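Note sheet for the following structure.
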Amino acid sequence: MSDLEKNLDKLEGYLARFRQNGVQNLIAGKSVAAKTGETFQNLSPVDDSVICEITKGGADDIDAAARAARDAFPAWRDFPAVERKKVLHRIADLIEERAEEIALLECWDTGQALRFMSKAALRGAENFRFFADRAPAARDGQSLPSPTLMNITTRVPIGPVGVITPWNTPFMLSTWKIAPALSAGCTVVHKPAELSPVTASVLAEIAQEAGLPPGVWNVVNGMGEDAGRALTEHPDIKAIAFVGESATGSAIMRQGSETLKRVHFELGGKNPVVVFDDADLDRALDAAVFMIYSLNGERCTSSSRLLVQKSISSDFTARLEARAKAVNVGHPLDPDTEVGPLIGHGHLDKVISYFDVAREDGATIAAGGERLGDTGCFVAPTLFTDARADMRIAQEEIFGPVLTVIPFEDEAEALKIANRVEYGLTGYVWTNDLSRALRFTNELEAGMIWVNSENVRHLPTPFGGVKASGIGRDGGDWSFEFYMEQKHIGLALGDHKIPQLGKI
Ligand code: NAD
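In terms of numbering that gives the first Met the number 0, the sequence shown opens at residue 0 and continues consecutively.
This is the structure:
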């Protein structure tokens, strides 16, 4: 039996209960169907087969979940932080125990390759451990004494929050949002992406098993325009943490304005990797290939624009072309696969449409540029060369394994091109000139920048974007800033003079 066959065999075992029962909502600790009884089909992008039926929640289900989260909030807010820490660690333990199941289900549901999803499942456990350890300090504040008052600050959880996640790496992203919310003392209503909802239900199941009280974590499946919208409009939900497209972020801001929602957005990107001629070109090449073709390029932090200095561009691009053509596209459960199928046919059509856009704009398709096979959503790793910064392929987020190469003359031109997009999530700069690295990173419009490195996430650092790429930061204490309110308390030190009005 090959490794792929073994993995398919295991997957069948894990899928059986979903095939039989579908995916339900979790409200107040109970697994329930949507009130309308409606369901929708969840398809695998590998072979277009039906994975299972998903219950289709709407406004009524969101209302029930928001009420459950509201009712559970006071007890969870006051739950001793050391106990909260233990529950979150137990969630991490259970994720580790079920990491294989989570990874295989995630691959089948999203099309992401197993080599990356095995790590993503474990990253989910790490996220819980990281925020578990911080739970006891979440409320810590400052003392800011004045001559007359002892001023102290403390932090309190904001209340029930809504978490809305996208389809690309749903398990890891859900843990990244939900772990800090729970650690802060918030209760949660989660609306997973309709295209890949299976592992969200496993995660919520794990949380129940770990001893999380009913109602603290609720999950409602459904469509964005329906369940998602209702969540953003619900008066009991105090904040929305959203990961997804920039246009959806705008819609959520509008929808949440009536109830004055606090929002945190992690949105799209068109991130540049900028390679200067003095860089370590072998390492730069490895990083450029990794940052666009890993995770199928369906990655907000992917480096979808390569800006390369003209003095080295033809040689560097030729090497890149050879590497793009050698990337191994295949079944996501095959451990050798580097790129799997895209999430679904709608997205496949969008990605493929850019092949014509590239041709019409006058760019060259140096690698890929075609769909692979006629079943599932496979596309060849693609490289556009001879591109200009104003072309649509250099401006718009394609969100697939598609890289646009734009040559530049000097530092000033590189900076101009790099910043000439509506997005500003990440940037990757390759140079051995320290002063240039500092100058360039200072001017580059991005929330996160790596120099001579691919994207390496360190959990205490701030994660987030500028411009159309997001609002707010995650990670370390920044997550608590979002999920908590600062409270100031001033205690008089003595009998300071109080202004006397209307004194008789
Ligand atoms: P999307 O915006 O279409 O959907 C994301 C979620 O929002 C889904 O759960 C969807 O049902 C919901 N939704 C849609 N319309 C809604 C509405 N009107 N009100 C409330 N909820 C609504 O995004 P997607 O296609 O699932 O994901 C891909 C996008 O996510 C890309 O743009 C990518 O860059 C971005 N992303 C960003 C980050 C980041 O950290 N910056 C990480 C991953 C993905």
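Glycine residues also receive a C-beta, built at the ideal position from the N, C-alpha and C atoms.
Note that this is a predicted model, so its numbers are computed, not measured.
Asked: Residues sharing a beta bridge with residue 218, DSSP; Found: 25 and 189
Asked: Cβ neighbour criterion (16 or more within 10 Å) applied to residue 171; Found: buried
Asked: Three-state secondary structure assigned by DSSP to residue 423; Found: strand
Asked: Validate contact between the segment 134-147 and the segment 218-236 using beta carbons, cut 8 Å, 3 pairs; Found: no
Asked: Cβ-heavy atom distance, residue 421 to the ligand NAD, below 6 Å; Found: no
Asked: Identified DSSP bridge partners for residue 51; Found: 41
Asked: Length at least 3, wholly inside the segment 355-397: the beta strand (DSSP E) runs in chain order; Found: 363-366 and 381-384
Asked: Buried or exposed (CB count within 10 angstroms, at least 16 for buried), residue 433; Found: exposed
Asked: Straight-line Cα distance separating residue 58 from residue 229; Found: 5 Å
Asked: Beta-carbon proximity of residue 188 to residue 64, cut-off 7 Å; Found: yes
Asked: Element boundaries [beta strand (DSSP E), containing residue 240]; Found: 238-242
Asked: Same chain, Cβ closer than 7 Å to residue 75, five either side skipped, listed in chain order; Found: 184, 186, 212 and 215
Asked: Which of helix, strand or coil DSSP assigns to residue 269; Found: coil
Asked: Check whether residue 138 and residue 153 have beta carbons under 7 Å apart; Found: yes
Asked: Other residues of its chain near residue 492: CB distance less than 7 Å, five sequence neighbours each side excluded; Found: 147, 148 and 149
Asked: 3-residue-minimum beta strand (DSSP E) runs that sit fully inside the segment 63-124, ordered along the chain; Found: none
Asked: Proximity test, residue 114 beta-carbon vs the ligand NAD heavy atom, cut-off 6 Å; Found: no
Asked: Check whether residue 340 and residue 376 have beta carbons under 7 Å apart; Found: yes
Asked: Cα-Cα separation, residue 349 to residue 399; Found: 9 Å
Asked: Boundaries (first-last residue) of the alpha helix (DSSP H) holding residue 479; Found: 475-482
Asked: Straight-line Cα distance separating residue 379 from residue 367; Found: 5 Å
Asked: Whole-angstrom C-beta distance between residue 466 and residue 444, which should lie under 8 Å; Found: 6 Å
Asked: Beta-carbon contacts of residue 327 that lie in its chain and below 8 Å, excluding the five residues immediately before and after; Found: 335, 336, 337 and 338
Asked: Endpoints, the alpha helix (DSSP H) within which residue 20 is located; Found: 2-20
Asked: Chain D contact for residue 31 (CB, 7 Å cutoff); Found: Checking the listed chains, one finds no chain D in this structure; it contains a single protein chain.
Asked: C-beta atoms of residue 98 and residue 331 nearer than 7 Å; Found: no
Asked: Bridge partners - residue 407, DSSP secondary structure assignment; Found: 308
Asked: Supposed contact pair residue 221 and residue 193 - C-beta distance, whole angstroms, cut 8 Å; Found: 7 Å
Asked: Rounded straight-line distance, which links the Cα of residue 218 to that of residue 262; Found: 19 Å
Asked: Coarse secondary structure for residue 282, derived from DSSP in three states; Found: helix
Asked: Contact set for residue 69: own chain, Cβ-Cβ below 7 Å, skip 5 residues either direction; Found: 159 and 235
Asked: Residue 176 - DSSP class collapsed to helix/strand/coil; Found: helix
Asked: Span separating the alpha-carbon of residue 93 from that of residue 287; Found: 35 Å
Asked: The segment 308-319 in contact with the segment 128-135 per 3-pair CB rule at 8 Å; Found: no
Asked: Residues near residue 52 in its chain [Cβ-Cβ closer than 8 Å; skip 5 each side]; Found: 21, 22, 38, 39, 40 and 41
Asked: Local conformation of residue 467 per DSSP, three classes; Found: coil
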